[in-house]
Every structure is written in C-alpha cells, then in structure tokens.
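For reference, the structure discussed in these notes is given below.
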Amino acid sequence: MSMMQTFKERVGLSETGLAKRKTVTFGDSSSVTDGRFWSTLSVITMAVVWYLGSAMGLVNPIFWPSPEAVWQQFISISGEGYRNFSLWEHVWASLYRILVGFGLGCLIGIPLGFAMGLSKVIRGWFDPIVEFFRPIPPLAFIPLVIIWSGIGERSKILLLFFAALWIMVIAARAGVSSVKLTKIHAAYSLGASKRQILLHVILPNSLPEIFTGMRVAMGVCWGTVVAAELVAAESGVGFMIMVASKFLSTDIVVLGVIIVGLIGYGIDILMRKIEARLIPWKGKA
0 MSMMQTFKER
10 VGLSETGLAK
20 RKTVTFGDSS
30 SVTDGRFWST
40 LSVITMAVVW
50 YLGSAMGLVN
60 PIFWPSPEAV
70 WQQFISISGE
80 GYRNFSLWEH
90 VWASLYRILV
100 GFGLGCLIGI
110 PLGFAMGLSK
120 VIRGWFDPIV
130 EFFRPIPPLA
140 FIPLVIIWSG
150 IGERSKILLL
160 FFAALWIMVI
170 AARAGVSSVK
180 LTKIHAAYSL
190 GASKRQILLH
200 VILPNSLPEI
210 FTGMRVAMGV
220 CWGTVVAAEL
230 VAAESGVGFM
240 IMVASKFLST
250 DIVVLGVIIV
260 GLIGYGIDIL
270 MRKIEARLIP
280 WKGKA
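Sequential numbering from 0 applies to the sequence shown in numbering that gives the first Met the number 0.
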C-alpha cells in the first residue's frame, strides 16, 4: 500500500470512503432528522433581526411593533384579559374548536378514504364529490355554514370540519393505494383472512400517509381558525386578532399570530413524536 493511498484513507478521500459517505448521508432520511442546532440558530436569527430592526427604527411600529411592545401586551392580557376573557380562555376556545373540527374530519374522512381505496364502487361514487370539494377553500363555505348552523359554536366547528375532511379522505385513500401488492399476496399465501389483511397489512402500511395527512389537515385548520372565528365569535385567538386589527393594535395582532404559530408548531411536534412511537417502521419498508 502506497503512502498516498494511506493518507487518502486516513482523511476519508479514498473511493471506498467517499462511496460509504455518500451512501450513509446523501438521500438517507435518518441523516437529516437531527437539526436542533440549525433550528435554534434560525429562531435566534429571526429574533435578533426583529429586535435590531425595531431598535434602529427601520420599521414603522404601526406596521410592525417592537418585541418589547408585544411582550408588554402579553403580560397585560395574561393578567387583565382581553374583551372579557383571559388570554388562556381565548387560547382554549380556539384549541377546542380546532380539535373538535379536526377530530370529526378524521373520524369520517379516514374510514371513507379506506373504503375508497378498497372498493371500486365506493371510489367511483365518492371520487367526483371529493375531487370537486377538495380544491374549494374552506372560507368559501362561510355563507352556507351560517345558513345551515347559525352563528353559534357549531358553525365554526363545521367550517373546520370541512377544512380537515377532504385532506383526510385523500390521505387515507393514498395510504391504501400505496400498500405493495406483494405483501398482500404473501399474507394470503400464509392463510390470512380479509380482516387480518386489513388490520395487519393494509392499516399498518397506510398509517404513514394518514399521519402525514393529519399534520397537513391540522395546519389547514389552524389557518382557517381566524376565518372560523369571524362568524360572530366572542372568544378565541382569531377573535383577538380580528378585533385588534380594527383598532390598528398591531402589537396584539402580532401576539396572536405568534400564539397561533407556537401552538401549531407544538401540536406538529407532538404528532411527530406520536408518529415516531406508533410507526417505527416508516421509511424502512
């Protein structure tokens, strides 16, 4: 072995080292899962830019308030409340509406998507309906929701239900369609019944797609909550944002946006943890 070849192997420049490194890192999802350092650096960078922009007067405080103003509003609303409700009551009102609407969308959308993926009759019957309503923004249903359910709590939950339903139908249908036929044939050859194939082959292999759909649906519901709370709401983070915008209270608006973003991000992280615990085989099949 030559001295140059030994040197290349030590520094990882040999063909074997390069090939190994490419195989391990490039295209390997496990090599990009841990990015806490860069996530922390990203948050710190945004905070510093916000602070410096406000301190140097680069941004008009009417259009974008300073971090100190937003923090003072957080302290004030946490202690004194806003529009007859405390900050945590506003947060819980939005959370309750989103969780109920999202839960109903999953409860109906997932079985319907499974049925569409397993039966050509059901798929042929419901496919035009799903594909017709899927591109329609949830905001377009606001007039109909008011006519159907009035201006009470049901109208807001119904709007969020529509936001989540079609996403979950498509996710469940895609999950069933993604199951490899060889796995089903292998289960049949081992004497499995249709019920066993559904529970032990189709369902486990569909869960990754379903969880991805759940994360997307939750994000859409969070994006729709502001519009849902426009329907004669008296509480909720979206209600706070809309009322504050009418009085140009941009510090409260930014506070509400931050709260919505933090809660949405927290829910997404929670769903990732649940997915990692319940579906350890994702990406390994």
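Each residue gets a CB set at the ideal place from its N, CA and C atoms; glycine is no exception. These numbers come from a predicted model, not from an experiment.
Asked: Can you confirm whether the stretch 185-198 touches the stretch 236-252 when touching is taken to mean that 3 or more C-beta pairs between the two stretches lie within less than 8 angstroms?; Found: no
Asked: What is the rounded straight-line gap between the Cα of Thr249 and the Cα of Ala68?; Found: 9 angstroms
Asked: Which residue's Cα is closest to the Cα of Tyr264: Trp221, Phe84, Ile128?; Found: Trp221
Asked: Grouping DSSP H, G and I as helix and E and B as strand, with all else coil, what is Phe73?; Found: helix
Asked: Suppose the cutoff is 7 angstroms on Cβ atoms and the five residues either side in sequence are ignored; what does the same chain contact list for Ile258 look like?; Found: Val90, Val236
Asked: Smallest Cα separation from Val215: which of Ser192, Thr181, Ala163?; Found: Ala163
Asked: The alpha helix (DSSP H) spanning Glu228 covers which residue range?; Found: Counting along the chain, Glu228 falls outside any alpha helix (DSSP H), and DSSP gives it neither H nor E.
Asked: Could you spell out where the alpha helix (DSSP H) holding Ser93 opens and where it closes?; Found: 86-117
Asked: Give me the Cβ distance between Ile277 and Leu198, rounded to the nearest whole Å; I'm assuming they're in contact under 8 angstroms.; Found: Note that residue 277 corresponds to Leu in the displayed sequence, not to Ile. Not quite, the Cβ-Cβ distance comes to about 15 angstroms (not below 8 angstroms), so this is no contact.
Asked: If we ignore side chains and look at the alpha-carbon of each, how far apart do Ile61 and Glu274 end up?; Found: 42 angstroms
Asked: Identify the residues that DSSP records as bridge partners of Tyr81: which are they?; Found: Phe84
Asked: Assuming Ala168 contacts Leu111 (C-beta within less than 8 angstroms), just tell me the rounded distance between them.; Found: Looking at the sequence shown, residue 168 is not Ala but Val. The pair is a contact, with the Cβ atoms about 5 angstroms apart (cut-off 8 angstroms).
Asked: Note down, one range per segment and in chain order, each alpha helix (DSSP H) of at least 4 residues found wholly within the stretch 153-193.; Found: 180-188
Asked: Quick check: Phe73 and Leu254, are their CB atoms within less than 8 angstroms of each other?; Found: yes
Asked: Which residue wins for smallest C-alpha separation from Val99, given the options Val42, Lys179, Met217, Phe238?; Found: Met217
Asked: May I ask you to report which of helix, strand or coil DSSP gives Ile55?; Found: One detail in the question is off: residue 55 reads as Met in this sequence, not Ile. Met55: coil per DSSP, three-state reduction.
Asked: Output the distance between the C-alpha atoms of Met285 and Ser65, rounded to the nearest integer angstrom.; Found: In the structure as shown, the chain starts at 0 and stops at 284, and residue 285 therefore has no counterpart that could be examined.
Asked: Between Gly108 and Ala171, which are expected to be in contact by the criterion C-beta below 8 angstroms, what is the C-beta distance as a whole number of angstroms?; Found: 7 angstroms
Asked: Indicate the three-state DSSP secondary structure (helix, strand or coil) for Pro136 in the structure shown.; Found: coil
Asked: Going by CA-CA distance only, name the one from Phe160, Ile145, Ser93 that's closest to Tyr133.; Found: For clarity, residue 133 is Arg in the given sequence; the question names Tyr instead. Of Phe160, Ile145, Ser93, the residue nearest in Cα terms is Phe160.
Asked: For Phe238, count neighbouring Cβ atoms within 10 angstroms of its own Cβ and tell me buried if that reaches 16, exposed if not.; Found: buried
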